[in-house]
């Protein structure tokens, strides 16, 4: 996380000079596509009383996919919630990427989930890292984090939809955000700072996930609760593998949560947004491996998936196998 500091000293909120003892963190998103964290200084470092800006607003920090900008001291009373949460909560705005627009309030029109996933993951990670830092600094936990919508339900913030209009598009929610912060806090404060997935990564499927990808099979409960999973493929035939409009990875092996045993997995493609990296501390030491009782060999065991009397039928089936992300070949007996 790259943290920059530049206080909005011209803003009336800063000029008011009121202090708070932070009791929580409120997560917002900007609903202003394409305006990044560093851009907000020139937008908001102005005085409402002097007629330089049409809003009385100021938050503690903005962040995007590359950096965090702190614009108020953390213990300064912000103007971000539109209610009593200004007296208790640090306000953090997550900047939204460009390339789409809003319709009817908080409806994102033209938002490409797959294309925006890398941005979202990096911005998410910066938000997690900043929240972890603030929790440590002020003795807070993940339970002290809310979004603007939850603030409204509690009667301490105005009626806004963020971040519930955006996070679910990527398989997340403010609840899963709290969970990510909690894991980082319990893991000693260092988060798994990874916004991409690679072959060999150990991941777990989010509790909120219901299908492997949009329109795909339902995920059985035991797949999420009994094992972590190891990624064995991130591309198919040299290209990203897309199902239901989502870029997927193949979960080819599984790691038993109880004993750490690594075995053949579910062999299923899953939307990247429905998995998250496992903190190495959760994996512990692998169980001791016993020496093999049989000598190893160079044998390969192959699986035949069909037999056809017509070559064209065999070729059509092979195409389906490759579309599913597996390699295959035709052999004539």
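In our numbering, the protein residues as written are 6 to 338. Ideal placement from N, C-alpha and C gives every residue a C-beta, glycine not left out.
Three-state secondary structure (DSSP) at residue 258? By 1-based counting over the chain shown, the position of residue 258 is 253. Residue state, collapsed to three classes: strand.
Sequence-distant residues of its chain with Cβ nearer than 8 Å to residue 146 (five each side left out): Stepping through the chain shown from its first residue, residue 146 is reached at position 141. Same-chain partners within the cutoff: 140, 187, 190.
Could you tell me whether the Cβ atoms of residue 156 and residue 88 are closer together than 8 Å? Looking up residue 156 in the chain shown gives position 151. Looking up residue 88 in the chain shown gives position 83. Cβ distance < 8 Å, so residue 156 and residue 88 count as in contact.
Rounded to the nearest angstrom, what separates residue 202 and residue 22 at their Cα positions? Taking the chain shown and counting its residues from 1, the one referred to as residue 202 is at position 197. Taking the chain shown and counting its residues from 1, the one referred to as residue 22 is at position 17. Roughly 45 Å between the two C-alpha positions.
Beta carbon of residue 72 nearer than 8 Å to that of residue 43: What you label residue 72 is simply residue 67 of the chain shown in a count that begins at 1. What you label residue 43 is simply residue 38 of the chain shown in a count that begins at 1. In this structure, residue 43 lies closer than 8 Å to residue 72 by Cβ.
Nonlocal neighbours in the same chain, by C-beta distance under 6 Å from residue 164, ignoring five residues either side: Locating residue 164 in the chain shown gives position 159, where the first residue counts as 1. Hits under 6 Å: 157.
Burial state of residue 129, where buried means 16 or more other Cβ atoms lie within 10 Å: Here residue 129 refers to the residue found at position 124 of the chain shown. By the 10 Å Cβ count, residue 129 comes out buried.
Excluding the 5 residues flanking residue 269 on each side, which residues of the same chain have their C-beta closer than 8 Å to its C-beta? Working through the chain shown from its first residue, we reach residue 269 at position 264. Hits under 8 Å: 257, 258, 259.
Just to confirm, is the Cβ distance from residue 275 to residue 254 under 8 Å? To locate residue 275, count along the chain shown from 1; it is residue 270. To locate residue 254, count along the chain shown from 1; it is residue 249. Yes, Cβ-Cβ distance for residue 275 and residue 254 is below 8 Å.
Taking just the CA atoms, how far does residue 251 sit from residue 236? Walking along the chain shown from the start, residue 236 turns up at place 231. Walking along the chain shown from the start, residue 251 turns up at place 246. Rounded to the nearest angstrom, the two C-alpha atoms are 16 Å apart.
Provide the residue(s) that pair with residue 63 in DSSP beta bridges, ordered along the chain. Working through the chain shown from its first residue, we reach residue 63 at position 58. Answer by DSSP bridge pairing, in chain order: 84.
Of the listed residues 206, 112, 218, nearest to residue 167 (C-alpha basis): Start at 1 with the first residue of the chain shown, and residue 167 comes out as number 162. The candidate whose alpha carbon is nearest that of residue 167 is 112.
Have a look at residue 219 and residue 279 and give me their C-alpha separation to the nearest angstrom. In the chain shown, the residue the question calls residue 219 occupies position 214. In the chain shown, the residue the question calls residue 279 occupies position 274. Cα to Cα, the separation comes out at about 11 Å.
Where does residue 102 land, buried or exposed, given buried means 16+ other C-beta within 10 angstroms? For this step, residue 102 is matched to residue 97 along the chain shown. Residue 102 is buried by the Cβ-count criterion.
Whole angstroms are fine: how far does the CA of residue 80 sit from the CA of residue 51? One-based indexing of the chain shown puts residue 51 at position 46. One-based indexing of the chain shown puts residue 80 at position 75. Going from the Cα of residue 51 to the Cα of residue 80 covers about 21 Å.
Does residue 323 come out as helix, strand or coil in the three-state DSSP assignment? Taking the chain shown and counting its residues from 1, the one referred to as residue 323 is at position 318. If DSSP states are grouped into helix, strand and coil, residue 323 belongs with the helices.
Which residues mark the beginning and the end of the beta strand (DSSP E) in which residue 73 is found? Walking along the chain shown from the start, residue 73 turns up at place 68. Element bounds for residue 73: 73-75.
For the stretch 45-62 against the stretch 121-128, do three or more pairs of beta-carbon atoms, one drawn from each stretch, fall closer than 8 Å, so that the two count as touching? no
Distance, residue 283 Cα to residue 133 Cα: On the chain shown, position 128 is the one that residue 133 refers to. On the chain shown, position 278 is the one that residue 283 refers to. Between residue 133 and residue 283, the C-alpha separation is close to 15 Å.
Pick from 176, 6, 333, 337 that is closest to residue 316, judged by C-alpha positions: Within the chain shown, the letter at position 311 stands for residue 316. Residue 316 has its Cα closest to that of 337, out of 176, 6, 333, 337.
Residue 11: buried (16+ other C-beta within 10 angstroms of its C-beta) or exposed? The sequence position of residue 11 within the chain shown is 6, counting from 1. Result: exposed.
Buried or exposed for residue 208, going by 16 or more other Cβ atoms inside 10 Å? By one-based count along the chain shown, residue 208 stands at place 203. Its Cβ being crowded by 16 or more others within 10 Å, residue 208 is buried.
Residue range of the alpha helix (DSSP H) that includes residue 17: As a first step, residue 17 must be located in the chain shown, where it is residue number 12. 17-21 is the span of the alpha helix (DSSP H), which, as asked, contains residue 17.
Counting along the chain, where does the alpha helix (DSSP H) carrying residue 126 start and finish? Looking up residue 126 in the chain shown gives position 121. 118-143 is the span of the alpha helix (DSSP H), which, as asked, contains residue 126.
What would DSSP say about residue 228, mapped onto helix, strand or coil? For this step, residue 228 is matched to residue 223 along the chain shown. Correct three-state label for residue 228: helix.
Candidates 119, 204, 325, 37: closest to residue 240 by CA position: Numbered from 1 along the chain shown, position 235 holds the residue referred to as residue 240. Closest by alpha carbon: 204.
Using a Cβ-Cβ cut-off of 6 Å (strictly less than) and excluding sequence neighbours within five positions of residue 320, which residues of its own chain qualify? In the chain shown, counting from the first residue as 1, residue 320 sits at position 315. Once the five neighbours on either side are set aside, residue 320 has no close Cβ partner at all.
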